[in-house]
Amino acid sequence: MIVDLEVATENTFSTLERAAKYCSENNIPFPFKGIPPGEGSIANYSCYIFEEQSIGTVGVPILIHMPLFNKQNDKGENTAIKYTYFRTQYTKPETVSLQSYAKENVVNCAEQIKQKMIQLVQQNSFIKRAGCPVV
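Using the UniProt record's numbering, the first residue of the sequence shown is number 1, and each one after it goes up by one.
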């Protein structure tokens with residue numbers, strides 16, 4: 001399982017696109033196949049789950065992508081504009097605010113992460129009982 005805490009302020013899927021390209025070129029299994037339909041530069045949701053759809057796919061990780069700046073936690077404040085890669089210093093209140101957004105995002109996604117972890121444990125238990133190697 002890969003948990004991606006994305007902090008991009010523009011294209012929240014650009015990191016995944018680059019990772020998918022690298023994995024494809026190097027024959028590394030990676031579940032991200034493209035940007036979900038209807039997505040813009042700011043993500044619509046706080047959590048996306050990418051995984052192979054076939055049951056029992058071994059070797060392909062589940063990818064949980066959590067864009068920090070998304071429409072669910074923005075509340076119309078255009079928060080992403082305040083925090084860019086080009087700024088190297090933030091005030092204490094800005095830092096506290098950023099930490100608050102990050103915490104809220106993880107809390108919002110906690111149940112989905114928990115369910116996927118349970119699914120992986122159950123799947124690995126099934127594979128081990130069937131005598132299949134886990135890679």
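Just so you know, even glycine gets a beta-carbon here, dropped at the ideal spot from N, CA and C.
Quantities reported herein were computed from a predicted structural model and do not represent experimental measurements.
Tell me whether residue i is buried or exposed, calling it buried when 16 or more other Cβ atoms sit within 10 Å of its Cβ.
i, result
"F13", "buried"
"Y90", "exposed"
"L68", "buried"
"L16", "buried"
"E111", "exposed"
"I81", "exposed"
"N26", "exposed"
"F86", "exposed"
"E6", "buried"
Excluding sequence positions up to five away, which residues of its chain have a Cβ less than 6 Å from the Cβ of residue i?
i, result
"residue 151", "Outside the shown range of the chain (1 to 135) lies residue 151, about which nothing can therefore be said."
"Y48", "H65"
"V3", "I64"
"F50", "P31, F32, L63"
Under 8 Å Cβ to Cβ from residue i, same chain only, skipping five residues before and after it: list those, please.
i, result
"N101", "The identity of residue 101 in the sequence shown is Tyr, whereas the question assumes Asn. Result list for Y101: L68, F69, N73, T79, in chain order."
"K71", "I42, A43, N44, Y45"
"I28", "Y22"
"M117", "M1"
What does DSSP give as the partner residues of residue i in its beta bridges?
i, result
"L5", "M66"
Is the stretch 92-101 close to the stretch 36-49, with three or more CB pairs under 8 Å? At 8 Å Cβ cutoff, the stretches do not touch.
Unbroken beta strand (DSSP E) runs of length 3 or more, entirely within the stretch 18-70: which are they? Note on the stretch 18-70: whole beta strand (DSSP E) runs with a minimum of 3 residues are 48-50, 63-67, in chain order.
Report the residue ranges of all alpha helix (DSSP H) runs contained in full by the stretch 101-129; include only those spanning at least 4 residues, in chain order. Positions of the alpha helix (DSSP H) runs, each at least 4 residues long and wholly inside the stretch 101-129, cannot be given because no such run exists.
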